[in-house]
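Numbering (the numbering used here), first residue to last: 349 to 543.
Notes to accompany the following structure.
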């Protein structure tokens, strides 16, 4: 059982005093055994010192000179399961960041947002959309110029071409707006989840 209170490391003068006191006095067995122990409780030492005759005992200050205190190590605190899980998650995130930092020159950066035309479906869909807009623009221009210029085939074709160019301009503006909104959405930091 660990002694309670202040505990001192046994030095040579302290051991000599305890051995002398154990031999000359009637002490209980636990106090007599203190001379062979590496640590001595202060209360027991004081009790033995007070029981010794004043003319034969050394001054207490000389006994305690160059003696060190032995402090018990505190019991380590137990971490809660939630804290352990959170620490594991943070450790894993840190390891991923460190690994990404190590391989950033070797491996290409993985982005969360895919490219606008990364699949054939996107490419075909965009191509069909452009063709439909061009055809619609040509028809609108052709019909508008036919109504204005009384069935002149040259002017009808010019109106169709003008409508086609207008449709292409509209499609270009829409493409620019779509791509810039995706870039803007990817550059805005996402709010972190509060846990």
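For glycine and all other residues, C-beta sits at the position ideal for the given N, C-alpha and C.
- Around the beta-carbon of residue 417, fewer than 16 other beta-carbon atoms lie within 10 Å, marking it exposed.
- Note that the stretch 391 to 403 does not touch the stretch 415 to 431; fewer than 3 beta-carbon pairs, one per stretch, sit closer than 8 Å.
- For residue 493, the CB contacts under 6 Å within the same chain, skipping 5 residues up- and downstream, are 503, 504 and 507 in chain order.
- The criterion of a C-beta distance shorter than 9 Å is not satisfied by residue 387 and residue 364.
- Per DSSP, reduced to three states, the secondary structure at residue 451 is coil, with no helix or strand assignment.
- Following the DSSP letters along the chain, one finds residue 364 inside the alpha helix (DSSP H) bounded by residues 360 to 372.
- In the DSSP assignment, residue 356 forms a beta bridge with 388 and 417.
- For residue 412, the enclosing alpha helix (DSSP H) has its first and last residue at 408 to 412.
- Boundaries of the alpha helix (DSSP H) harbouring residue 469: 468 to 496, taken from the DSSP string.
- Per the Cβ contact rule, the stretch 439 to 452 is not in contact with the stretch 478 to 488 (fewer than 3 Cβ pairs under 8 Å).
- Contact check for residue 383 and residue 366: beta-carbon distance about 4 Å, within the 8 Å limit, so the pair qualifies.
- Here DSSP, grouped into helix, strand and coil, assigns residue 426 to coil.
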